[in-house]
Every structure is written in structure tokens, then in C-alpha cells.
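Working notes, structure below.
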Amino acid sequence: MASFVDAHKKVGKSEGGYTNNPKDNGNWVDGKLIGTNYGISAPILKAYLGRPISISDMKTLTPKTASIIYKQNYWDKIKGDGLKNQSVALIIYDASVNHGLYATKNMVKNALAIQNISFSQFDSKVINKAKQKELFDDIYKERANRYQKGNPAFREGWMRRLEDIQYAGGFTSKKAMFLALGVILVGSIGYFVYKGVKE
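Numbering of the sequence shown is given in the working numbering, commencing with residue 55 and proceeding in unit increments.
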């Protein structure tokens, strides 16, 4: 199953440290320019702490606390622990952080519709039924299209972020089984050849 730790290494690296761009709505809360840190927006930090926040609160946010917020607000919401493919989990998780959960749900829904799979809420079982590489590619296209329609000032950076996410093909269970059998067979032949030569 997919790993939050592995996925967050990638997402956390993309988000970076403290910024306070006034053109980014996520840097504002209660009419104040607070900024973001480790990709945690001002409204999200306020909701997590359950009180009004200051610039100091944002600047002193620790990576550990940020990771907890990411898991609670995004990874758990997309049912990440139940996803079988790490690449699919990563692109959905990164999308939920960058686009928001509502937009991500719609993108996944559109991607699954291409494969004729019904989807209304994040459901790991439904997502796991899809052809994983095709699903990854379709979500990728959905995200790229959204970026092209978004704010031009952020488009280049967003596209670099997306391009950094690649599908990492792994062995299917059958391939892994045949590979393991092949290793055992080669090892056995080698052993008997060695034993025959020795004797």
C-alpha cells in the first residue's frame, strides 16, 4: 500500500519554506497578510490551531507540525493509506494540496469516468480498481489543463511541480512472483552445476 512518508517527501520538497506573496490568497486570513510555511496556508493553520494567528505563528511552524496537518487535512481525506499504487497516491495527494480537495475529487472523477468507473467520494477501493498507469496519466492531464487555465503568474512554477511527478512502474504481483521463481531456479541450477563440478 502507499506510504504517506514517501509521498510527503516529494510534496514537502515542492512546498518549500516561508513565503508571503500578497498575490496568493492562501497567504491571507482575517484580512491580514500572514504568509504560508511548508505549504501550509494561513487559513489552514488558523483552523488547525483553532484561534487567530500571527506572522510569528506561521514563521515558527515546525516541519513536524506541518506534516501532521498534511496528513490530517489531505492524505487521510483522500484515503491515501488504502491506495495500492504509490505513484497514483502521490499525484492525488499532491493535487489535493495544490488544488484543494474539492477540485482534486472532480479531477479524479473525470479521470475515472474515462475508464467507466463510478466515483463520487474518495474511495480507495474504487481507485484501486482502475488501470493505475492510465489513471495516473489521466489525472496528470486534468491537472495540466487546470494549470493552463489558471493564473499565468504561477503557471510556470505549477507546471514544473507537476512535471517532477513521474509514474514509477513497479512489478505486479504476478511479475514479482515469476521474477522470484526465476531467481530461485537460476540459483538452484547454479548450485547443482557447482556441486557436480566439485564432485
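We treat Cβ as the ideally placed atom computed from N, Cα and C, and that holds for glycine.
The region 119-133 makes contact with the region 81-99, as at least three CB pairs between them are under 8 Å. When DSSP states are grouped into helix, strand and coil, Asn91 belongs to the strand group. Phe58 is positioned such that its CB atom lies closer than 8 Å to that of Lys125. Judged by beta-carbon spacing, Ile88 lies beyond the 8 Å limit of Ile145, meaning their Cβ atoms are not closer than that value.
Under the three-state reduction of DSSP, Thr73 is assigned to strand. Contact check between the region 183-190 and the region 156-173: three or more CB pairs, one atom from each, fall below 8 Å, which counts as touching. Per DSSP, reduced to three states, the secondary structure at Lys86 is strand. Apart from the 5 residues on each side of it in sequence, Gln202 sits with its Cβ closer than 8 Å to the Cβ of Arg209 in its chain, given in chain order.
Per DSSP, Tyr201 is one residue of the alpha helix (DSSP H) stretching across Gln186 to Lys203. For the pair Ser172 and Phe190, the Cα-to-Cα distance works out to about 17 Å. Linking Gly71 to Trp82 through their CA atoms gives a straight-line distance of about 16 Å. Contact between Ala207 and Lys77 holds, with the beta-carbon distance rounding to 7 Å and staying under 8 Å. Taking C-beta separations shorter than 8 Å and ignoring five residues to either side along the sequence, the partners of Lys159 in its chain run Gln175 and Phe176, following chain order. Going by beta carbons, Tyr194 and Val65 fall outside the 8 Å limit. Met112 counts as buried, since no fewer than 16 other beta carbons sit within 10 angstroms of its beta carbon. Contact annotation: Ala56 and Gln140 have beta-carbon atoms nearer than 8 Å.
Taking 8 Å as the cut-off, the beta carbon of Asn170 is found no closer than this to the beta carbon of Arg215. Here the alpha carbons of Lys179 and Thr90 stand approximately 34 Å from one another.
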